[in-house]
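S.K.:
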Amino acid sequence: IFQAMEQGDYEHLFFCQEQSTGLKAIIAIHDTTLGPAAGGIRMKPYATEEEAIRDALRLAQAMTYKCAAAGANLGGGKCVVIGDPQRDKSEALLRVLGRFIRRLNGLFITGMDVGTTLEDMDILRQECPYVTIYSEALGGPGDTAAATALGVVSGMRACLKAVYGDERFQGRHVAVQGVGAVGSHVVELLVQAGALVTIADVDEERVRSVATHEQVTVVAPGEIATLPVDIYSPCALGGVLNQTSIPTLRCEIVCGSANNQLQEEQDGELLEQRGILYAPDYIVNAGGVIVGADSLLPGGYKQQRAEAAVRRLYQAVEQVISLAKEQHVSTNRAAALLARKRIEMMKQVRSVA
Ligand code: NAI
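Under the numbering used here, think of the first position of the sequence shown as 1, with each following residue one higher.
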C-alpha cells in the first residue's frame, strides 16, 4: 500500500471499521495543498479489499486534478464503502461513517457518489458538518444536477468565445446527448439563452418531458453525436469520444457533463487534429463540487454566491484553452498542466509563513 501511495504521492489512507453496523470504509486523501480534500462517498460491493483501496486512491487523485483545474480551492479525496447499497446500507452505518469523517476535522469534505443519495447525506450531516451536499430543506445546496448544468453551460460560453469570438447562444445549435438530471437542466439553460437545441435519449419518457419547447427538436440516439452543430454535449455516457466516433463528428465544440468522455488520453489529440475544441469533462462538470464547498463558507450555503463560483468555470475553461495554445497540447493535457501549476503555485505561497 505504501508503494502505491508513494507512486501517486498520496497523503493519507484511512480505514474505518465498525462491527455492529458492518461498516468497512476507506478514505483516501490525495493532496490538500489547495484546500480540504473534496470527494464523494461511493458504496459498492467491491470483490476484494484491494479493489476498494485502488478505487479510492484512483478517484481521490482524479478529484485533486478536477478541483485544481476547475480553479477551486480544494484538494482531492474519496471515500469508498464496501457493501451493497441496497442491502447493507442503514441509518446506523451512515451515522457511524459520519462520525469517522467528523474525526478528520475538515481534512475531508464530502457528498454523494455512486451508491449514495442526497437522503443519505442528510443522515450523515446529523453527525458531521463536513458533509457539504445535503438537502435544501436543511439549508444545503440540494441535488447538484442544476449546478453541474450551469457549469457545463458556462464552459460552453468560454468555448464559443474562443471559436467564434462571441459567447452568445443566439443562432447557435447544440446537440444534447442524454436529457437526464443534468442534460435536462442544460437544455433549459440553453433554451433560455436563445440556442437551438436538438436532444436524444434512450428513455422516451425523458425525451417527452424535455421536448416541450419549440426551440427543441428530437432525433434518435444513434444520430445525435454526428449532427452538424456548433456544440455536441455528451450528458449520458462516458467513452463517447474515441477512434471510431471522432472521425464522424461534425461539431466545432464538445462540451458536456458525462464523465470520462475520452476513451483514451490520446483521443484528445485526435479531436485537436480535427479542429474540434474539447472542454475537458472533469472541469466543466465540477459545478457540484463547487457548490458543496460553498457550504463551508461564512454563514453556510448561499445559493447566489455558489452559482457565481460555478460560473467562474468560464475562466477555468478559458485558461485551459489559452494554455493549450501556448504549449501546443490538447486541452485535456493542458487541464492536467494547469492543475499541476496551481498546486505548485500554492506550494510557493505556503513557503512564506
Ligand atoms: P442521469 O442518469 O440522470 O441521465 C443520463 C441520461 O442519459 C438518462 O436519461 C439516460 O436515459 C440517458 N442515456 C443513457 N444512454 C444513452 C444513450 N446511449 N444515448 C442517449 N441517452 C442516453 O445522469 P445525470 O446525473 O444526468 O448524469 C449524466 C452524466 O453526467 C453522467 O456521466 C454523470 O456521471 C455525469 N455527471 C453528473 C453529475 C451530477 O451532478 N448529476 C456531476 C458530474 C458528472
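Heads up, the beta-carbon is just placed ideally off N, CA and C, and yes, glycines get one too.
Since the model is a prediction, treat every value here as computed from it, not as a measurement.
1. State the Cα-Cα distance for the pair His328 and Glu265, rounded to the nearest angstrom.
2. With distances taken between CB atoms, is the gap from Gln378 to Gly239 smaller than 9 Å?
3. Report the option in Pro141, Arg342 and Phe2 whose CA atom is closest to the CA atom of Lys66.
4. With distances taken between CB atoms, is the gap from Tyr232 to Cys255 smaller than 9 Å?
5. So, helix, strand or coil for Lys325, using DSSP?
6. Starting from the C-beta of Arg42, find all residues in its chain whose C-beta is less than 6 Å away, skip the five residues before and the five after it, and write them out in chain order.
7. Could you give the uninterrupted runs of the alpha helix (DSSP H) lying entirely in the stretch 198-231, keeping only those of 4 residues or more?
8. Do the stretch 72-89 and the stretch 14-30 touch if we need at least three Cβ pairs shorter than 8 Å?
9. Under 9 Å between the Cβ atoms of Ala293 and Ala37?
10. Would the beta-carbon of Cys16 be found less than 8 Å away from any heavy atom of ligand 1?
11. What does the alpha-carbon distance come out to for the pair Val323 and Thr217?
12. When DSSP labels each residue in this structure, what does Gly75 get in the three-state scheme?
13. Any heavy atom of ligand 1 closer than 8 Å to the CB of Ser257?
14. Got a sec? Which residues, its chain only, sit under 7 Å from Phe15 by beta carbon, not counting five neighbours each side?
15. If Ala211 sits next to Gln177, beta carbons under 8 Å apart, how far is it from one beta carbon to the other, in whole angstroms?
16. Ala38 bridges to which residues according to DSSP?
17. Using the beta-carbon count (16 or more within 10 Å), is Asp9 buried or exposed?
18. Can you pull the DSSP bridge partners for Glu18?
19. Would the beta-carbon of Val179 fall within 9 Å of that of Cys235?
20. Report buried or exposed for His213, applying the criterion of at least 16 other Cβ atoms within 10 angstroms of its Cβ.
21. Among Val317, Leu57, Pro228 and Lys302, which one has its Cα closest to the Cα of Asn285?
22. Is the stretch 267-275 in contact with the stretch 113-132, if contact means three or more CB pairs nearer than 8 Å?
23. List the residues that DSSP assigns as beta-bridge partners of Lys44.
24. Write down the C-beta distance between Ile246 and Asp267 rounded to the nearest angstrom, noting that I regard them as a contact closer than 8 Å.
25. In terms of alpha-carbon separation, which member of Asp203, Glu204, Arg208 and Phe169 lies closest to Leu189?
26. In the stretch 97-151, which residue ranges form an unbroken beta strand (DSSP E) of at least 3 residues, counting only runs that do not cross its ends?
27. Using the Cβ count rule (16 or more neighbours within 10 Å means buried), how would you classify Ile101?
28. Just curious, the alpha helix (DSSP H) that Gln304 is in, first and last residue?
29. Taking the alpha carbon of Val174 as the point to measure from, which residue in Gly165, Val152 and Ala181 has its own alpha carbon closest?
30. Determine which residues share a DSSP beta bridge with Asp166 and list them.
31. One question on the structure: do Ala339 and Ala68 come within less than 9 Å of each other, judged by their Cβ atoms?
32. Just to check my reading of the structure: Asn73 and Leu124 have Cβ atoms closer than 8 Å, yes? What is that Cβ distance to the nearest angstrom?
33. With DSSP run on the structure shown, which of helix, strand or coil describes Ser295?
34. Report the option in Gly155, Gln261 and Asp230 whose CA atom is closest to the CA atom of Gln319.
M.R.: Answer, in terms of the structure:
1. 16 Å
2. One cannot answer for residue 378 here, as it falls past the ends of the chain, which runs 1 to 353.
3. Arg342
4. yes
5. helix
6. Val80, Asp113, Val114 and Gly115
7. 204-210
8. yes
9. no
10. no
11. Correcting the residue identity first, residue 323 is Leu in this sequence and not Val. The alpha-carbon atoms of Leu323 and Thr217 are separated by roughly 36 Å.
12. strand
13. yes
14. Ile26
15. Going by Cβ atoms, the distance from Ala211 to Gln177 rounds to 14 Å, so no, they are not a contact pair.
16. Gly76 and Ile109
17. exposed
18. Leu23
19. yes
20. exposed
21. Val317
22. no
23. Ile82
24. 6 Å
25. Phe169
26. none
27. buried
28. Gln303 to Arg311
29. Val152
30. None; Asp166 has no bridge partner.
31. yes
32. The pair is not a contact, with the Cβ atoms about 23 Å apart (cut-off 8 Å).
33. coil
34. Gly155
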